[in-house]
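**Student:** Take this structure first; my questions come after.
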Amino acid sequence: MKTMTFNSRISSRVQRNWDWRAAGNFIGGGVGSGLILWSALMSPLGYDSLPMMLIGLALVGTGLFCVWLEIGRPWRALNVFKHFSTSWMSREAWVAPLLFIVGAITWFFEPLLVWPTALLALLFLYSQSRILQADKGIPAWRHPRCAQLVVITGLTEGCGLLLLLLPLVDESQPWSWVVLFVLLGLRLVAWQRYRDGLTQACAPLGSQKCLESIHKKFLLIGHLLPALLLLVALLIPPVAIVAGILATVSGAWMKYILICKAAFNQGFDLQHLPVRGQP
Amino acid sequence: MTRYAMAVDLRRCVGCQTCTAACKQKNGTPPGVQWRRVLDIETGEFPDVRRSFMPVACMHCDEPACEEVCPTTATKKRDDGLVSIDYDLCIGCANCVMACPYEARSIVHKAEFAYGDKPMAHEAQSFDPARVNVSTKCTFCIDRIDLAEETGLTPGVDHQVTPACVNSCVSGAMVFGDIEDPDSEISKLLKENKSFRQNEELGTGPGVYYIWDKADEDNDL
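Chains P and B are the protein sequences, given in the same order. In terms of numbering that gives the first Met the number 0, the first sequence opens at residue 0 and continues consecutively. In terms of numbering that gives the first Met the number 0, the second sequence opens at residue 0 and continues consecutively.
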């Protein structure tokens with residue numbers, strides 16, 4: 000009897016449990032922690048990073064509030080701290096209060112603590128990326144390059160928001176334009192490598208098609224246009240603000256698609272057809 | 000050490016969905032939620048086409064991805080291999096739903112019954128409000144397995160302590176038992192036949208084996 004082995008995934012469909020509220024956590028957490036990190040790193044340029052840190056914390060908090068709205072039993076939310084040993088969601092939950100506490104001490108008492116706050120923000124972002132990587136049921140998330148993309152996107156979004164906010168507290172900072180320019184390049188590389196990785200790993204076609212459907216817009220509006228605007232900003236500085244907005248909004252949009260639309264589950268695989276005619 | 004597992008003989012499964020119905024009846028799952036279901040798979044190209052059936056549910060893995068990601072420790076792997084959920088700890092974050100490569104888990108956000116808000120008698124009997132807004136899945140009829148401890152009966156042999164799906168299977172395609180016991184029916188069946196497990200490459204060590212052919216003469220599996 001002839002047997003067949005084939006790789007077509009059976010019953011792979013997009014997940015329906017995490018919606019905009021879960022995406023909101025990854026967006027708020029990414030933008031917020033990216034903003035905290037870059038505002039601290041670039042503060043030696045001579046501006047006050049504390050207002051930025053406060054906005055970053057507010058964004059992280061908003062993201063967590065979104066996910067609190069999503070969970071089925073919100074009044075038991077404190078149980079989330081119970082599995083630090085293996086769960087990245089638990090680890091994210093542990094990092095969050097530390098981030099807020101150190102952030103509050105920085106704001107009220109000791110501005111120099113902005114550095115540990117930035118480190119905690121980076122840890123928070125990393126934890127978020129590992130939450131997705133640990134989700135084995137979603138091939139588009141568990142790919143290691145997805146975690147890289149999430150981290151780089153968070154950093155890019157945060158830097159984009161910094162460009163938008165800097166004129167409110169200080170003069171424009173051309174160095175921040177350079178950083179965003181480099182980050183846009185890195186995000187583009189990460190995006191391309193991620194999509195190539197999904198193809199190599201034979202991720203569900205639904206995921207690949209969904210990401211392909213946003214590729215052109217993400218490339219043009221999320222990368223090429225803001226990069227061009229950053230060059231124009233050398234002549235007309237306020238244009239950098241638009242570049243920042245585009246870099247931030249496009250990253251958030253991509254993450255929304257990644258979480259809510261491109262998250263096809265693993266599906267099943269009938270590795271061998273049952274042999275007929277046996278008792 | 001006991002390790003309960005299930006074997007599904009794909010050569011025998013006729014896709015009747017009796018196991019699906021039996022599970023629903025036993026566990027009172029709400030509309031749209033099937034802890035166990037049977038996939039109807041068509042393969043090949045006309046005129047050389049085949050139709051196969053594959054029952055799927057929680058695989059009660061050796062290394063459950065759901066347990067690793069669960070932030071609350073609600074999901075636990077027991078010593079006997081069963082993966083359980085503590086409904087009083089679960090916060091319904093759905094992280095385990097995303098982590099499970101077997102689409103085994105569901106979350107419903109309000110009490111629903113076959114005919115709307117009002118349960119039929121058997122639904123009212125099996126309705127458990129603790130299962131609303133938390134993650135649920137096949138338990139291998141854990142209450143029956145626990146009953147085996149008290150009664151001395153053997154899961155997979157005595158129907159009182161055997162999962163409902165296995166009891167109901169009209170073709171005898173589903174077999175349940177302790178794979179650590181070399182004399183159990185499941186151990187013998189796996190020894191005498193070729194089998195595979197779902198998505199093994201992910202390293203989860205699923206506890207459900209799919210039998211598809213008899214073993215080679217030299218018993219080299």
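Beta carbons are placed, not taken as given, at the ideal position from N, Cα and C, and that holds for glycine.
Between the Cα of D39/B and the Cα atoms of S51/B, T71/B, G155/B, V32/B, which residue gives the shortest distance?
**Tutor:** S51/B
**Student:** I need the DSSP call for L38/B, collapsed to helix, strand or coil.
**Tutor:** Residue state, collapsed to three classes: strand.
**Student:** Of all the CB atoms in chain B, is at least one closer than 8 Å to the CB of L230/P?
**Tutor:** For L230/P, the answer is no, since every Cβ of chain B falls outside 8 Å of its Cβ.
**Student:** Determine the burial state of G102/P: buried for a count of at least 16 other Cβ atoms within 10 Å of its Cβ, exposed for fewer.
**Tutor:** buried
**Student:** Can you give the beta carbon distance from A261/P to L218/P, rounded, assuming they're within the 8 Å contact cut?
**Tutor:** Not confirmed; about 16 Å, so no contact.
**Student:** When we look at the beta-carbon of V231/P and count the other beta-carbons within 10 Å, is it buried (16 or more) or exposed?
**Tutor:** exposed
**Student:** Using a threshold of 8 Å, state whether the C-beta atoms of M58/B and Y101/B are closer than that.
**Tutor:** yes
**Student:** Near T2/P, which residues of its chain fall below 8 Å by C-beta distance, leaving aside the five closest residues on each side in sequence?
**Tutor:** Caution applies to T2/P, whose pLDDT of 36 falls short of 50 and renders its modelled position unreliable; the value that the coordinates give is listed next. Closer than 8 Å at the Cβ level, and outside the excluded window around T2/P, lie H271, L272, V274.
**Student:** Please go through the stretch 157–208 of chain B and give each complete beta strand (DSSP E) segment of 3 or more residues, from N-terminal end onward.
**Tutor:** 173–177, 192–195
**Student:** Report yes or no: do the stretch 166–178 of chain B and the stretch 57–73 of chain B share at least 3 C-beta pairs separated by less than 8 Å?
**Tutor:** Counting Cβ pairs under 8 Å, fewer than three are found: no touch.
**Student:** Mind the definition here: the stretch 121–139 of chain P touches the stretch 24–33 of chain P only if three or more C-beta pairs lie below 8 Å; say whether that holds.
**Tutor:** Below 8 Å, enough C-beta pairs join the stretch 121–139 of chain P and the stretch 24–33 of chain P to call them touching: three or more.
**Student:** For D47/B, write down the residues that DSSP places opposite it in a beta bridge.
**Tutor:** As DSSP reads the structure, D47/B sits in a beta bridge with E44/B.
**Student:** Assuming M97/B is part of the alpha helix (DSSP H), what are its boundary residues?
**Tutor:** 94–98
**Student:** Compare the C-alpha of R186/P against each of L112/P, G28/P, T85/P, G153/P and name the closest.
**Tutor:** G153/P
**Student:** In this structure, how does DSSP classify M5/B when only helix, strand and coil are distinguished?
**Tutor:** strand
**Student:** Please name the residue, chosen from S84/P, L179/P, I256/P, that lies closest to H222/P on a Cα-to-Cα basis.
**Tutor:** Comparing Cα positions, the closest option is L179/P.
**Student:** Would you mind sorting T198/P into buried or exposed? The rule is 16 or more other CB atoms within 10 Å of its CB.
**Tutor:** exposed
**Student:** Mind checking if N16/P is an interface residue toward chain B, Cβ cutoff 8 Å exclusive?
**Tutor:** yes
**Student:** Taking 8 Å as the CB-CB limit, is G195/B close to chain P?
**Tutor:** Before going further, note that residue 195/B is Phe rather than Gly in the sequence given. So yes, F195/B belongs to the interface.
**Student:** Check whether chain P comes within 8 Å of H59/B, counting only Cβ atoms and requiring the distance to be less than that.
**Tutor:** no
**Student:** For a test of the three-state rule: what should DSSP assign to W17/P, helix, strand or coil?
**Tutor:** coil
**Student:** Using a Cβ-Cβ distance under 8 Å, would T198/P count as near chain B?
**Tutor:** Under the Cβ criterion of 8 Å, T198/P is not counted among the residues facing chain B.
**Student:** At a Cβ cut of 8 Å, what residues of the stretch 63–97 of chain P count as close to chain B, listed as they run along the chain?
**Tutor:** V66, E69, I70, G71, R72, P73, R75, A76, N78, V79, F80, K81, H82, T85, S86, W87, M88, S89, A92
**Student:** DSSP on D61/B, reduced to helix/strand/coil?
**Tutor:** The answer is coil: DSSP assigns D61/B none of H, G, I, E or B.
**Student:** Between A19/B and the rest of its own chain, which residues show a CB-CB distance below 7 Å, the 5 nearest in sequence each way excluded?
**Tutor:** The displayed chain sequence assigns Thr, not Ala, to residue 19/B. These residues qualify, in order along the chain: Q33, R35, R36, V37.
**Student:** Does DSSP put V188/P in a helix, a strand or coil?
**Tutor:** helix
**Student:** Pick out whichever of L201/B, D79/B, P70/B has its Cα sitting closest to the Cα of G91/B.
**Tutor:** P70/B
**Student:** So for K117/B, helix, strand or coil by DSSP?
**Tutor:** In the structure shown, the three-state DSSP call for K117/B is coil.
**Student:** T74/B bridges to which residues according to DSSP?
**Tutor:** I84/B
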